[in-house]
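**Q**
Number of protein chains: 2
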Amino acid sequence: MSPSGQHDEPESRRETHDAVPNPAGMETDPTLLGWMSGFPPPQDRTVRFENGSFRNFPELRWAWSNMRQLVPTVNVWRGAGPASELPREEQDIGQSASITMDGRSMTFMQMLRETCSDGIAVLHRGKLIYERYFGALKPHKPHIAMSVTKSFTGTLAGILVANGNIDPKAPVTAYVPELKSSAFGDACVREVMDMTTALEYTEAYADGNSDVWRLRRANGTAPIQASYAGPTTICEFLCTQRKKGEHGREFAYKTVNTDVLAWICRRASSMALSDLLSECIWMPLGAEEDAYYHVDRVGTESGGGGLSTTLRDLARFGETMRNFGRFNGRQIVPESVIEDIVRGGDREKFKLGGFTMLPGASYRNQWWVSHNDHGAYMARGIHGQGIYIDPKAQMVIARYASHPVAANAGNDPVTLPAYMALAKDLLAGG
Amino acid sequence: MSPSGQHDEPESRRETHDAVPNPAGMETDPTLLGWMSGFPPPQDRTVRFENGSFRNFPELRWAWSNMRQLVPTVNVWRGAGPASELPREEQDIGQSASITMDGRSMTFMQMLRETCSDGIAVLHRGKLIYERYFGALKPHKPHIAMSVTKSFTGTLAGILVANGNIDPKAPVTAYVPELKSSAFGDACVREVMDMTTALEYTEAYADGNSDVWRLRRANGTAPIQASYAGPTTICEFLCTQRKKGEHGREFAYKTVNTDVLAWICRRASSMALSDLLSECIWMPLGAEEDAYYHVDRVGTESGGGGLSTTLRDLARFGETMRNFGRFNGRQIVPESVIEDIVRGGDREKFKLGGFTMLPGASYRNQWWVSHNDHGAYMARGIHGQGIYIDPKAQMVIARYASHPVAANAGNDPVTLPAYMALAKDLLAGG
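Heads up: the sequence lines are chains A and B, in that order.
Every letter in the first sequence is one number past the one before it in this note's numbering, and letter 272, counting from 1, is 274.
Every letter in the second sequence is one number past the one before it in this note's numbering, and letter 425, counting from 1, is 427.
In structure tokens, the structure reads:
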């Protein structure tokens, strides 16, 4: 088990992280430490897939910016057109002050260092006011979005709903009959979109026997031994899922829902997820660079966590959401899709999900909706990946990171207060 | 052993290919046959890495256009600028007639079908006069260049020589001391560049015990069992190479030379091969799309055969060579580098290499020089990859293919006469 292999379980049930260091980003900077530099790199500075060491800390500080060097991937084409404009109006927000959830004073720059940020881009009123890179990330290099990937899948599903290709009330089996004997056999699409299915599946990263590790072995992001008898493709794994309880009663954050949703999207559109993202979002967005998904052994994209994009393109997508789908001179996502997300999901069901650091929030179409007084909503991924959209402050934050703790519990107490404080600063500053 | 696993041995020593079908391209079109289509694709239409089936025919017709879905890769960035112009002036050359080496009449279009072309681009006087795609290839998708990769490595090495970073007369160990106890311990850089080293290494694709399969296991393009005790990185494999005979006496086409040359380039430039190609060629070229290399388990690019590019970008590079390094308004490769290649290598040494289909030719800096009356020279890769540059006819042909026979012996008798006939047509046509 790697030291970074923390869980993404609800905070109410999580273990303490006292044993995990909270290093300033510089001390574990993979470039300064010489990870994967030299021809070949020295053995003790080599990040490897086959022994699973790429998930160790600080190895993951290199790995999250270089996933395609570790696993097979498929391209998300940006098209042949020019990149869309991202006008700049630099503001030094590095000194923006906040108080962490555990009561410490913190500047924005200190927050970035302490949470092992790889890159941050802040947009205010559509202008890039702050952009910094750390660690192994560069402006043109894609970084893994982890579960921020889910919000892309959810938005694509929303587009297909708006276009009449998917009926959220329909049973999952209307699109994927293969799931008939699984937990999803009596679930409807909406329950999958909002993660209110009732599943045996567990997502505890600290436990090597947790189902999330079986999912990783199936989707090709954890090494398997020749003797491994479990499922070795995403679709096979999804078909083995068992029900536990009743669907539709409570929010339960489980990645398999998103992989099922991605499967539904493929069937409803007759397109690979990578082509769907390219055609519906990446090309009209005027993305600066191609993105990519990691794929399993039969070419199926990991729709639950496998997308890598550049930071700027992540920011472009966040700005598209903030503008109710309009960006680069066109309506990319139908307004109704984003109105539905912004309205949010069922807050009572969310409360049962145990995410105590997000009190009063909800989950809709694979987005986290805060319901705070700024109407902020988020895409969130482990190790600190995120899009934070604050409509009232007209602010979008895109962040990639390689925090040692997988769970957002390692980031939220420091990052969320910093984001909220910055939003207030920007609002006050006019 | 896969049915496509033919050798790339000199023709004088090769087996007959009577058992191998010579299918028209359409009959094995991977898109028409439904390879890797469906979510997930049906079992009997799935191309897999881990069982080696991606090298079977017709599976390879999909695989060669989708290498990154099978193995880890590293990006070759095109930069942020616009793509360079590739002016078009369509000519229907499909009926250009030739006689194959075995006496059959053949049109250019028939040649393309019979040799399982995936794509062809013909430039005449710098204008794109003909561009066609077949199989799984599309204009924006990279296709594996196989040993055409070597000509990129050789050209990069030439640039480093011109810049004074590499001395071709220096011993290999001046750059890579790790090779001291190997066959390369008493070789000089020039011998590696021109493949006149004397090695035990064999490159017989039809023989699973041939060293080329050990190289593939080492560079990550052939699956290995957990029990495999051989080298599992490119550098480790190169260090195991044994000498057989005396260096500098005869041309012997062996991929390990190019992997050593790539190692020398990295050490001389302090750059990864992917970054070196990006900076020296891909960015100034105004490439339309990023390219990529497949990488071994520690991130080392396969400089001997691992590059994938789009067809148009391959054509741009060919045109750069034809123009003595000038393209996109700038001098990309120093003129002296290409003058040296065009002059060619030692024809007496080449003769000893056994490539009887290329009588009178030579090999210089990883390029094949015909010394014919048009001064044609080539980059060549197994299964039919190639750049054919005809200075007299002012013609450049870039071709990607997925021919069932690995060795160029499967292609040359049909393709070379077609290229030469087309050159004559274009010259005659003014």
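Idealized CB from N, CA, C, for every residue including glycine.
1. What three-state label does DSSP hand Gly2(A) in the structure shown?
2. Below 7 Å on C-beta distance, what does Asp292(A) contact in chain B?
3. Spell out whether any CB of chain B is found under 8 Å from the CB atom of Gln71(A).
4. What residues are listed by DSSP as bridge partners for Phe329(B)?
5. Residues of chain A with CB closer than 7 Å to the CB of Glu133(B), please, in chain order.
6. Using a Cβ-Cβ distance under 8 Å, would Gly87(A) count as near chain B?
7. Is there a Cβ from chain B that is less than 8 Å from the Cβ of Met285(A)?
8. Let me know if Gln97(B) comes out buried or exposed under the rule of 16 or more other beta-carbons within 10 Å of its beta-carbon.
9. Cβ closer than 7 Å: which chain A residues qualify as neighbours of Trp66(B)?
10. Could you check the C-alpha separation between Thr48(B) and Asp342(A) for me, to the nearest Å?
11. What three-state label does DSSP hand Lys440(A) in the structure shown?
12. Mind pulling the chain B residues with CB within less than 7 Å of Pro42(A)?
13. Quick check for students: name the residue ranges of the alpha helix (DSSP H) that lie wholly in the region 100-143 of chain B, counting only runs of 4 or more.
14. What are the complete beta strand (DSSP E) segments, minimum 3 residues, inside the region 357-415 of chain B?
15. Note down, in chain order, every chain B residue with its Cβ under 7 Å from the Cβ of Val78(A).
16. Pull out every residue of the region 259-284 of chain B whose Cβ sits closer than 8 Å to any Cβ of chain A, in chain order.
17. Just reading off the alpha helix (DSSP H) that Ser276(B) is part of, what are its end residues?
18. In whole angstroms, what is the alpha-carbon distance linking Arg332(B) and Leu72(A)?
19. Trp369(A) and Gly156(A) look like a contact to me (Cβ under 8 Å); what is the Cβ gap, rounded to whole Å?
20. First and last residue of the alpha helix (DSSP H) that includes Ala289(A)?
21. I believe Asp292(B) touches Trp66(B) by the beta-carbon criterion, under 8 Å. Please report the beta-carbon distance rounded to the nearest angstrom.
22. Please list, in chain order, the residues of the region 139-153 of chain B that have any C-beta partner in chain A closer than 7 Å.
23. In chain B, which residues lie with their C-beta within 9 Å of the C-beta of Arg345(A)?
24. Leaving out five residues before and five after Arg70(A) in sequence, what residues of the same chain have Cβ atoms less than 8 Å from its Cβ?
25. Quick check: the Cα distance between Glu1(B) and Pro141(B), rounded to an integer number of angstroms?
26. Just checking, does the region 390-400 of chain B make contact with the region 106-125 of chain B on the three C-beta pairs under 8 Å criterion?
27. Per DSSP, which one or two residues make a beta bridge with Thr199(A)?
28. Report yes if the C-beta distance between Thr198(A) and Phe253(A) is below 8 Å; otherwise report no.
29. Taking only three categories from DSSP, how would you classify Arg299(B)?
30. In this structure, does DSSP put Asn77(B) in helix, strand or coil?
31. In chain A, what lies closer than 7 Å to Ala228(B) by C-beta?
32. Any idea which residues DSSP pairs Pro173(A) with across the strands?
33. So, with DSSP's three-state summary, where would you put Lys182(B)?
34. Would Glu52(B) count as contacting chain A if we go by Cβ distances under 8 Å?
35. Among Ser55(B), Thr75(B), Tyr135(B), Glu91(B), whose alpha-carbon lies nearest the alpha-carbon of Thr33(B)?
36. Taking the beta carbon of Gly308(A) as the centre, do at least 16 other beta carbons fall within 10 Å, making it buried, or is it exposed?
**A** Straight from the coordinates:
1. There is simply no residue 2(A) to check, as chain A begins at 3 and stops at 432 in what is shown.
2. Within the first sequence, residue 292(A) is the residue found at index 290, counting from 1. Under the 7 Å cutoff, chain B gives Asp292.
3. Counted from its first residue, the first sequence places residue 71(A) at position 69. Chain B contact via Cβ: present.
4. Residue 329(B) sits at position 327 when you count from the first residue of the second sequence. Looking at the DSSP assignment, Phe329(B) forms a beta bridge with Arg332(B).
5. For the purposes of this step, residue 133(B) is taken as the residue at position 131 of the second sequence. The premise fails here: Glu133(B) is roughly 15 Å from chain A at the closest Cβ pair, so nothing lies under 7 Å.
6. Translated into positions along the first sequence, residue 87(A) becomes position 85. Note that residue 87(A) corresponds to Glu in the displayed sequence, not to Gly. It does not: the Cβ of Glu87(A) has no partner Cβ on chain B nearer than 8 Å.
7. Position 283 of the first sequence, counted from the start, is the residue given in the question as residue 285(A). It does not: the Cβ of Met285(A) has no partner Cβ on chain B nearer than 8 Å.
8. Reading the second sequence from its first residue, position 95 is the one you call residue 97(B). Taking all protein chains shown into account, Gln97(B) has fewer than 16 neighbouring C-beta atoms within 10 Å of its C-beta and is therefore exposed.
9. Locating residue 66(B) in the second sequence gives position 64, where the first residue counts as 1. Result: empty, since nearest Cβ-Cβ is about 15 Å, beyond 7 Å.
10. The residue given as residue 48(B) occupies position 46 in the second sequence. The residue given as residue 342(A) occupies position 340 in the first sequence. A straight-line Cα-Cα distance of about 38 Å links Thr48(B) and Asp342(A).
11. It is not possible to answer for residue 440(A), since the shown part of chain A is limited to 3 through 432.
12. By 1-based counting over the first sequence, the position of residue 42(A) is 40. Correct list: Thr235, Cys237, Val300, Thr302.
13. 110-116
14. 364-366, 369-371, 379-383, 387-392, 397-403
15. Mapped onto the first sequence, residue 78(A) falls at position 76. By Cβ distance, chain B contributes nothing, its closest Cβ being about 12 Å from Val78(A), past 7 Å.
16. Trp265, Arg268, Arg269, Ala274
17. Along the second sequence, one-based indexing puts residue 276(B) at 274. Counting along the chain, the alpha helix (DSSP H) containing Ser276(B) begins and ends at 275-279.
18. Position 330 of the second sequence holds residue 332(B). Position 70 of the first sequence holds residue 72(A). Taking the straight line joining both Cα atoms gives about 36 Å.
19. As a working note, residue 369(A) is residue 367 in the first sequence. As a working note, residue 156(A) is residue 154 in the first sequence. Taking 8 Å as the upper bound for CB-CB distance, Trp369(A) and Gly156(A) are in contact here, some 6 Å apart.
20. Position 287 of the first sequence, counting from 1, holds the residue named residue 289(A). Segment: none, Ala289(A) is in no alpha helix (DSSP H) and carries neither H nor E.
21. The residue labelled residue 292(B) in the question sits at position 290 within the second sequence. The residue labelled residue 66(B) in the question sits at position 64 within the second sequence. The Cβ separation is near 18 Å, so there is no contact.
22. For the region 139-153 of chain B, residues whose beta-carbon sits nearer than 7 Å to a beta-carbon of chain A comprise His142.
23. Walking along the first sequence from the start, residue 345(A) turns up at place 343. Chain B residues near Arg345(A): none, gap ~31 Å exceeds 9 Å.
24. Here residue 70(A) is taken as the residue at index 68 of the first sequence, counted from 1. Within the same chain, Arg70(A) has close Cβ partners Pro144, Tyr294, His296, Ser310.
25. Here chain B covers residues 3 to 432 and nothing more, so residue 1(B) does not appear.
26. yes
27. Locating residue 199(A) in the first sequence gives position 197, counting from the first residue. In DSSP, Thr199(A) forms no bridge with anything.
28. Taking the first sequence and counting its residues from 1, one reaches residue 198(A) at position 196. Taking the first sequence and counting its residues from 1, one reaches residue 253(A) at position 251. In contact: Thr198(A) and Phe253(A) (Cβ atoms closer than 8 Å).
29. The sequence position of residue 299(B) within the second sequence is 297, counting from 1. The answer is coil: DSSP assigns Arg299(B) none of H, G, I, E or B.
30. Translated into positions along the second sequence, residue 77(B) becomes position 75. It is a strand residue.
31. For the purposes of this step, residue 228(B) is taken as residue 226 along the second sequence, with counting starting at 1. Here the neighbours are Gln227, Ala228.
32. On the first sequence, position 171 is the one that residue 173(A) refers to. Bridge partners of Pro173(A): Cys190(A).
33. Here residue 182(B) corresponds to residue number 180 of the second sequence, with the count starting at 1. Residue state for Lys182(B) is assigned as coil, using DSSP reduced to three classes.
34. Walking along the second sequence from the start, residue 52(B) turns up at place 50. At least one chain A Cβ lies under 8 Å of Glu52(B).
35. The residue labelled residue 33(B) in the question sits at position 31 within the second sequence. When only C-alpha atoms are compared, the closest one is Tyr135(B).
36. Translated into positions along the first sequence, residue 308(A) becomes position 306. By the neighbour-count rule (16 or more Cβ atoms within 10 Å), Gly308(A) is buried.
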